[in-house]
Structures are given as structure tokens and as C-alpha cells.
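Residues 1 to 156 (the working numbering) make up the sequence shown, in order.
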Amino acid sequence: MSETAKKFNLKAGVLASLIGGLIMSIMLGMMGSFPGIASMVGSDSAIVGFIIHLAISAIFGICFAYFIGFIKQPIVAGVIFGVIIWVIGPLVIMPMLMGGDVAVCGSICGSACGTASDPCGNACGGGSSSGMWLSLVSHGIYGLVTGTVFKLIPNK
Numbered sequence: 001m002s003e004t005a006k007k008f009n010l011k012a013g014v015l016a017s018l019i020g021g022l023i024m025s026i027m028l029g030m031m032g033s034f035p036g037i038a039s040m041v042g043s044d045s046a047i048v049g050f051i052i053h054l055a056i057s058a059i060f061g062i063c064f065a066y067f068i069g070f071i072k073q074p075i076v077a078g079v080i081f082g083v084i085i086w087v088i089g090p091l092v093i094m095p096m097l098m099g100g101d102v103a104v105c106g107s108i109c110g111s112a113c114g115t116a117s118d119p120c121g122n123a124c125g126g127g128s129s130s131g132m133w134l135s136l137v138s139h140g141i142y143g144l145v146t147g148t149v150f151k152l153i154p155n156k
């Protein structure tokens, strides 16, 4: 079956996204982002943050399985999807859940992240001005891995 004829594959989407999420977890752990993720549910535990991240990865896998229907090249779709969820997650949903102003967060997060004036509640990742860009890179790598694994899974 050609790559462009690949049908909707929920299992492949979830599995690929979980693998992408695991790879991304390495970077998130190095940036110290798991307690920030855990704070969305009132915890500061890195383990809770890791579990939440994998649960979000599984949900995004369902979304990716649908998204791949619009862009037939899985690797390209994965990178685009990674950038989209970077905007949706760290720049919109996390600040909303943490009581920050989304518009302010999106525009100044890079320079204020991790400071007393941080409107994002350190949602940008890493607690430094480079945290926002590291978050973008980690989401791009997540998408690249997700698209590559999805491409490798046979469509039955």
C-alpha cells in the first residue's frame, strides 16, 4: 500500500505519539518541566508531570491519527503537528490552567519566563528565556518521531 493511501489508523497514531512523547520526555526532564506540567493538577511531583505528559501524548495520538488524513506525508505532518501542539499546549492551555494571561504569555514568555513577573507560571519550559525555544524544539522533535514511527507501522 502506498504511503498516500494509508488509511486512518488509531492504534498507529496513539503508539507513535506515545513513543514521541517518551523521546520528548528526555528533553522535558533535562529542562525540569515535569513539576510545571504537574502543577496543572495541583501537584509538584515530577512523576505526576511525566504521567500527565504521557496521557496528553496518547490523546494527541488520536488527534494525529485524524490529522494525518490532511497531510499525506507522515514525517511532514508530524513536524507540523508538533508545532501546532506547541502553540496549543505551552502557549495557550497551560497558561490558562495556571491563571496566566494567554495574550501576555504568548508575547513576552521568552523574556519573562521563570522570573517574578512570569505571567505563564513557568509554562514555557525551562525557566529561562531560552525555555520557550527549547520547548518548540522538543515539540518539533516529538512531531518528527511521531511521524516517523507512524510511517513505519503497517496499516492493517
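C-beta: ideal position from N, C-alpha, C; glycine also.
> Along the chain, where does the alpha helix (DSSP H) that runs through Ser-17 open and close?
Replying inline: 10 to 31
> Can you tell which of Ile-75, Ser-39, Ile-85 and Ala-58 has its C-alpha closest to the C-alpha of Lys-11?
Replying inline: Ala-58
>> If I follow the unbroken alpha helix (DSSP H) through Val-92, where does it start and stop?
In response: Taken as a continuous stretch (DSSP letters only), Val-92 belongs to no alpha helix (DSSP H), as it is neither H nor E.
>> Contact defined as beta carbons within less than 8 angstroms: I believe Leu-18 pairs with Gly-82. What is the distance between those atoms, to the nearest angstrom?
In response: Incorrect: roughly 14 angstroms between the Cβ atoms, too far for contact.
>> For a quick check, are the C-beta atoms of Lys-151 and Pro-74 less than 7 angstroms apart?
In response: yes
>> At the level of alpha carbons, what is the spacing between Ala-46 and Phe-34?
In response: 5 angstroms
> Where does Pro-154 fall in DSSP's three states?
Replying inline: coil
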